[in-house]
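J.: Residue numbers (my numbering): 170 to 329. Where is the CB? At the ideal position from N, CA and C, for every residue including glycine.
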């Protein structure tokens, strides 16, 4: 007998924009615990494949791995080479990257809409997503993964 889905069984759509008018489209379908879609267009875009598990989220964005686990009430892990920490369900806060060279994450769900910001108000990127029935943390994670995939500044690693 298969395990029950972590999220309620739904076939839903997360869609919206990252970066406003100068940014990128995000479009993902949710089928049970699987999130599949694309950030960006056909020429400059990357596929998103995520699976929600009992311990967190795993998958890929383009060729880069995504592995995030629930740890002490926070989602912690990596999107590619970047560290990620997210807190909250409807109001989500967190951080991606390293201190000094990183991006704050802030998002607020209102009904089926999620609005937020990755990075500072001056140099960061706003995002606006329609969530369907998905919780805010799922939409925030999709926005962070899309930001990592498409924003050249987001996947720079520091050498030590």
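1. Quick one: what's got a C-beta closer than 7 Å to residue 170's C-beta in the same chain, skipping five residues either side?
2. Could you check whether residue 235 and residue 318 sit closer than 8 Å to each other, using their CB atoms as the reference points?
3. Decide if residue 291 is buried, meaning its Cβ has at least 16 other Cβ atoms within 10 Å, or exposed.
4. Between the C-alpha atoms of residue 349 and residue 260, what's the straight-line distance to the nearest angstrom?
5. For residue 259, which of helix, strand or coil comes out of DSSP?
6. In the structure shown, what three-state DSSP assignment does residue 232 receive?
7. Would you kindly check if the distance between the Cβ of residue 189 and the Cβ of residue 321 is under 8 Å?
8. So, with DSSP's three-state summary, where would you put residue 288?
9. Taking one C-beta from the segment 208-223 and one from the segment 282-289 each time, how about it: are there three or more such pairs within less than 8 Å?
10. Grab the span of the alpha helix (DSSP H) containing residue 309 for me, first residue to last.
11. Might you give, ordered along the chain, the residues of its own chain that have their beta carbon closer than 8 Å to the beta carbon of residue 282, omitting 5 neighbours on each side?
T.: The structure says:
1. Legend: pLDDT at residue 170 = 45, less than 50; position of this residue unreliable, no value from coordinates given.
2. no
3. exposed
4. The chain is shown only over 170 to 329; residue 349 falls outside these bounds and no answer can be derived.
5. coil
6. coil
7. no
8. coil
9. Flag = no, the segment 208-223 and the segment 282-289 do not touch.
10. 305-319
11. So the qualifying residues of the chain are 297, 298, 299 and 300.
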